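Just so you know, the protein sequences line up as chains U and V, in that order. So the first sequence is numbered by the working numbering: it starts at 1 and just counts up by one. So the second sequence is numbered by the working numbering: it starts at 1 and just counts up by one. The structure appears below as C-alpha cells.
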Amino acid sequence: MDLFEYQGKQFFARYGIPVSPGDLARTPEEAVAVAERLGYPVVVKAQVQVGGRGKAGGIKLAADAAETRAHAASILGMDIKGHRVEVLWIELASDIAAEYYASFTLDRLAKQHLGMLSSRGGVDIEQVAAEDPDAIARILVDPVDGLDEARCRDWVEAAGLDRAAVDGAVDILGKLYRAYVDGDADLVEINPLILTTDGVVRALDAKVSLDANAIFRHPDYKEYDATQVRDARERAAHEKGLQYVGLDGDVGVIANGAGLAMATVDIVHQVGGRPANFLDIGGGASADVMAGALEVITSDPNVRSILINIFGGITKGEEVANGIVAALARVRIEPPIVIRLDGTNADQGRDILRPHLSERLELAPTMIAAAKRAVALASAVAPAPGGSSTGEEDR
Amino acid sequence: MSIFVDETTRVVYQGLTGSQGRFYGLLNRAYGTQVVAGTNPRKAGTDVEGIPIYGSVAEAVAATGANASAVFIPAPGVRDAVIEAAEGGVELIVVITEGVPAHDEAWFFNKLRRDFPQVRLIGPNCPGVISPGKANIGITAGHIAQPGGPVGIVSRSGTLTYQALYELKQQGIGVTTCVGIGGDPVPGTSFVDCLRAFQADPETRAVMLIGEIGGAAEEEAADYIAAEMTKPVVAYVAGVTAPPGKKMGHAGAIVSGGKGTAAAKIEALRNAGAKVGMNPTEAGELMVQVVANL
C-alpha cells in the first residue's frame, strides 16, 4: 500500500521523525487558509503517488496569499504522468542548507534490511546510484539484531554528511528504522532529508509503502487501503477480493493462480493479441468467485472476448465446470468466452461444459489453442449485441 | 532418490485441527506421507482421524520421532510457529500459509540462519514439496505427478508448478522431487538451494526451473547454473509481457539494479546455458527433448 506524502508524513510523525508543519487542502481557498495559519513562505505540493512531480510543475513556492491561491488553482486538477491531482499539501517553506537521501527497504538477495544514505539528496537518486555508487553509503541490518546507535553513527559518518547534521541524522535514522520495522513498511524513503540553515535535520518528503499482509497488526491501515489509487475496474475487483491489474487490450483473462494468470497474459501477447487484464481468481473456482470475475471483466468496455484458463489441482475439474456454468447463469455476458480446463478430472469438467457450448462459449484443448481462439474472436467484427447469452439459453 | 523429503520423512502438522490443516493433512496421509502428529495446545490428547495431537512440536517430536513440520497456521501465528518447530527439533519446516508479513519472514529467516543452521525452511506462501510416490507435504494434487525421475522441478509459482508436473506426466516423464519455494519476498529455500540439491542427487538428471518477474532470484540461479550445474536446466519465467508495476520511491530500483524484469531473467538464464521456453507448454516441450537426449 503506497501512501501519499501527507500520509507518509503523518506516519513519520507517529514515530517522532520531524517534518515541516503543514496541512491538506482540496481547494485554493483551503490552501490559502492553511498558509495563513502557517505563515509565509509556504510550499504548495501536489499529492500524487508518482515520482518527478517537481519537474512536472507540481511543487511551487508561494510568498503570499495571492501566490498560494494561484499555485493551488493551477496544480489542482493537473495531470502528472496519468495521476490527477486531487489534494494539495501546504507546508511551511524551509531554509535549506543541504539535501540528503535516506531509505530502508528489504534486500531480497541478502534477505536483510538495507539502509541507504547519501549526502547527494534532493535529486534523481537512481542516477546518483548509477553514476557514482560510492556516493551512497549502504548498511545491511539483521532484523534479529536491529540497528543500534553506534552502528547508525558509523553509517552516518561513512555517508559524509555535514558535521552539523550528524547528530540529527543519527536520531532520525534510528526512528526511521523503527518506523520501518514496527510500522511493517516495505519501504520508507526520505528525499530530501534536509539540514536547515539553523541546523535542524528534518524530512522534507516522505515515500512510504506499507505491507498489506500486516494489517492484522495495524487495524488503522484500513484507511490507507481506502485511499489507494485504483481505476474503476481495479476497485471493483478489490471489493470482490480478486487480484486484478487493468491492461489496455481487448482479451479478458481469467486464470487461477498468479503464475498461471501471468503466463496466460504472456501467451495472449505471443499469439498476437492484447490482454485487457490480469485476473487471478486464486486456488478454487466457485460459482461466486467465477461470477465475480466475469462481472469485473465485462465491466471493461474494451473487452471483446474472454479467455478462462483453469488448471485443477486439488480443485477438481467438475467443480470448476459447475462454477462456470452457475456463474454464466447469473451474469449476462456479451463477449464470447473460450475455456481451457485441464488438470484433475478435466474430462469430467469438460463433459459438464459440453451441453452449454455455443458460438459464445467454446472449449479449447490447450492453453495456446485457447489463446489463439480468444484473440481471433476479439479481432473479428463484434457480433451485434442482443444475441442470446449462454445464461439465457440455460433458463 | 529425491531431495528434502521421502518415504522416511515423519511429519508433524502445525494447525492439523484447523480446516485447511485437516483437509491437506489427511490428503497428504492418503498419498502415503508419514503424517505422524498434529499440534494444538488446546486440543492436546485428542486425535484427528487417528493422528495424535500434541501440545507443542517438541512434545510431538519426543513422542513420534517427527523430523519435519508442515505449517498450516494462520498468518499472524506463523512467526511463532516456525520458531516453535525449530526449537522442537525438526530439520525441515514447510510453511504453506500465505499472507505472512515480510518483516516476520525476514526475522525468522535470519533467526533460523543464525540459531538453527541445520533447519531447512520451505515457504512461506508455497504449495509445498512432493517427491512423487514417496511423500507429499503441502497442497499439490499428488496424482498429477509421475513418480521416478529424471526431472527435478523448482518453482516460485503454485499453479505453474502443477502445470509443469501435469505436462511432464502427459509425456510420461517422471519427477524426483518438485519444490514450490513460494513467491514471497523472503523464501526460506531459494532456487540455488534446490539447484544445489538436485545437482547432488544422482537420480535427478535434468531440472525444470519456473520463475516469475520481480526480485533477483532467477539471476542468482543463473549465476549458480553457469558456475556449478552440469545437469541440463529448462526454464520458464512468467510475466514476459507484464507492464512495469507502479513504482514507489527509488530504493527498490537501486537495489535491483535493472534486474527483476522477465527479459533480464531470461537473458541471464540463457547466458548461463539454460534452455528457456517462452510459455509453459514450450518449456515442457524443451524438457521432452532434453530427457530424450539424456
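Yeah, the Cβ is synthetic: ideal placement off N, Cα and C, and Gly gets one too. Just so it is clear, the structure is predicted and the values come from calculations on it, not from any experiment.
Does the separation of the CB atoms of residue i and residue j fall below 8 Å?
i	j	result
V/Pro-76	V/Ser-56	no
V/Ala-222	V/Ala-268	yes
U/Arg-233	U/Ser-299	yes
V/Thr-39	V/Ile-53	yes
V/Glu-203	V/Gly-133	no
V/Met-208	V/Ile-153	yes
U/Glu-91	U/Lys-45	yes
U/Ser-94	U/Ser-20	yes
U/Ile-338	U/Glu-319	Here residue 338 of chain U turns out to be Val, not Ile, going by the sequence shown. No, the pair does not count as a contact, with Cβ atoms beyond the cut-off.
U/Phe-4	U/Gly-183	no
U/Ala-135	U/Ser-118	yes
U/Gly-257	U/Met-290	no
U/Tyr-6	U/Leu-24	yes
Is the shortest distance between the beta-carbon of residue i and the beta-carbons of chain U less than 8 Å?
i	result
V/Met-248	Any answer about V/Met-248 is weak, because its pLDDT of 49 lies below 50 and its placement is not dependable; what the coordinates show is given next. So yes, V/Met-248 belongs to the interface.
V/Phe-329	Residue 329 of chain V falls outside the range modelled here, since chain V spans only 1 to 294, and no answer is possible.
V/Phe-198	no
V/Gly-239	yes
V/Lys-275	no
V/Thr-159	yes
V/Gly-99	yes
V/Gly-215	yes
V/Arg-114	yes
V/Asn-136	no
V/Tyr-54	no
V/Asn-28	no
V/Ala-263	no
V/Glu-218	no
Any beta carbon of chain V sitting closer than 8 Å to that of residue i?
i	result
U/Val-409	In the structure as shown, chain U starts at 1 and stops at 395, and residue 409 of chain U therefore has no counterpart that could be examined.
U/Asp-300	no
U/Pro-365	no
U/Gly-257	yes
U/Gly-52	no
U/Met-290	no
U/Val-19	no
U/Glu-210	Just to set this straight, residue 210 of chain U is Leu in the shown sequence, not Glu. False, the Cβ-Cβ gap to chain V never drops below 8 Å.
U/Ala-13	no
U/Ile-194	no
U/Leu-353	no
U/Ala-214	yes
U/Gly-58	no
Taking the alpha helix (DSSP H) that residue i falls in, what are its first and last residues?
i	result
U/Arg-163	Note, U/Arg-163: premise wrong, no alpha helix (DSSP H); not H, not E.
U/Asn-322	317–330
V/Gln-289	280–292
U/Ala-203	Taken as a continuous stretch (DSSP letters only), U/Ala-203 belongs to no alpha helix (DSSP H), being part of the beta strand (DSSP E) at 201–203.
U/Arg-153	149–159
U/Phe-311	That residue, U/Phe-311, is in no alpha helix (DSSP H); its beta strand (DSSP E) goes 305–312.
V/Leu-27	19–31
V/Leu-121	Element bounds for V/Leu-121: not the alpha helix (DSSP H) but the beta strand (DSSP E), 120–122.
V/Arg-270	262–271
For the ligand ADP, I want to know if residue i counts as a neighbour, meaning its beta carbon is within less than 7 Å of at least one of the ligand's heavy atoms.
i	result
U/Ser-94	In terms of ligand content, the structure shown is empty, and the ligand ADP therefore cannot be addressed.
Just reading off the beta strand (DSSP E) that residue i is part of, what are its end residues?
i	result
U/Met-116	112–118
U/Pro-28	Looking at the DSSP string, U/Pro-28 is not in any beta strand (DSSP E); the run it does join, the alpha helix (DSSP H), is 28–38.
U/Phe-189	Looking at the sequence itself, residue 189 of chain U is Glu, so the reference to Phe does not match. Element bounds for U/Glu-189: 185–196.
V/Gln-14	10–14
U/Phe-278	277–280
U/Lys-9	Where U/Lys-9 is concerned, there is no enclosing beta strand (DSSP E), although the alpha helix (DSSP H) it sits in stretches over 5–14.
- Would you mind listing the beta strand (DSSP E) stretches within the stretch 213–249 of chain V that are 3+ residues and don't spill past its ends, in chain order? You should have 233–238.
- Any chance the stretch 140–147 of chain V sits against the stretch 217–224 of chain U, with 3 or more Cβ pairs inside 8 Å? The answer is no - the stretch 217–224 of chain U does not touch the stretch 140–147 of chain V, with fewer than three Cβ pairs under 8 Å.
- Do three or more CB pairs link the stretch 59–70 of chain U to the stretch 124–137 of chain U at distances below 8 Å? The answer is no - the stretch 124–137 of chain U does not touch the stretch 59–70 of chain U, with fewer than three Cβ pairs under 8 Å.
- Message: Ignoring anything shorter than 4 residues, give me the alpha helix (DSSP H) runs that lie fully in the stretch 144–228 of chain V, in order along the chain.
- Response: Within the stretch 144–228 of chain V, the alpha helix (DSSP H) runs of at least 4 residues that lie entirely inside it are, in chain order, 158–170, 191–200, 217–228.
- Message: Would the stretch 256–270 of chain U count as touching the stretch 157–175 of chain V if we require 3 or more Cβ pairs under 8 Å?
- Response: Contact holds: three or more Cβ-Cβ distances are below 8 Å.
- Query: Which runs of the beta strand (DSSP E) fall wholly inside the stretch 207–252 of chain U and span at least 3 residues, in chain order?
  - Reply: Secondary structure in the stretch 207–252 of chain U: the beta strand (DSSP E) runs of 3 residues or longer, each lying completely within the stretch, are 207–210, 243–246 in chain order.
- How do the stretch 111–126 of chain V and the stretch 179–188 of chain V stand: do at least 3 beta-carbon pairs fall below 8 Å, yes or no? Output reads yes: the stretch 179–188 of chain V touches the stretch 111–126 of chain V.
- Message: Pairs of beta-carbons, one from the stretch 106–122 of chain U and one from the stretch 212–221 of chain V, closer than 8 Å: are there three or more?
- Response: Result yes; three or more Cβ-Cβ pairs closer than 8 Å.
- Which runs of the alpha helix (DSSP H) fall wholly inside the stretch 44–122 of chain U and span at least 4 residues, in chain order? Runs of the alpha helix (DSSP H) spanning 4 or more residues and lying entirely within the stretch 44–122 of chain U occur at 65–75, in chain order.
- Task: Counting only runs of 4+ residues fully inside the stretch 333–390 of chain U, write out the alpha helix (DSSP H) ranges in chain order.
- Result: Secondary structure within the stretch 333–390 of chain U: the alpha helix (DSSP H) runs of 4 or more consecutive residues, fully enclosed, are 346–353, 367–379 (chain order).
- At which residue ranges does the stretch 38–103 of chain V contain complete beta strand (DSSP E) runs of 3 or more residues, listed in the order of the chain? If only uninterrupted beta strand (DSSP E) runs of at least 3 residues are considered, those enclosed by the stretch 38–103 of chain V are 51–54, 68–71, 92–95.
- Query: Taking contact to mean at least 3 C-beta pairs separated by less than 8 Å, is the stretch 80–92 of chain U in contact with the stretch 170–183 of chain U?
  - Reply: Of all C-beta pairs linking the stretch 80–92 of chain U to the stretch 170–183 of chain U, fewer than three are shorter than 8 Å, placing the two stretches out of contact.
- Inspect the CB distances between the stretch 291–310 of chain U and the stretch 269–283 of chain U and report whether three or more fall short of 8 Å. The stretch 291–310 of chain U and the stretch 269–283 of chain U touch, with no fewer than 3 CB-CB distances between them shorter than 8 Å.
- Message: Under 8 Å: do the stretch 5–16 of chain V and the stretch 65–75 of chain V share three or more Cβ pairs, one atom per stretch?
- Response: Here the stretch 5–16 of chain V lies against the stretch 65–75 of chain V, with 3 or more beta-carbon pairs under 8 Å apart.
- Query: Contact between the stretch 155–168 of chain U and the stretch 67–79 of chain U: three or more CB pairs below 8 Å?
  - Reply: No, the stretch 155–168 of chain U is not in contact with the stretch 67–79 of chain U.
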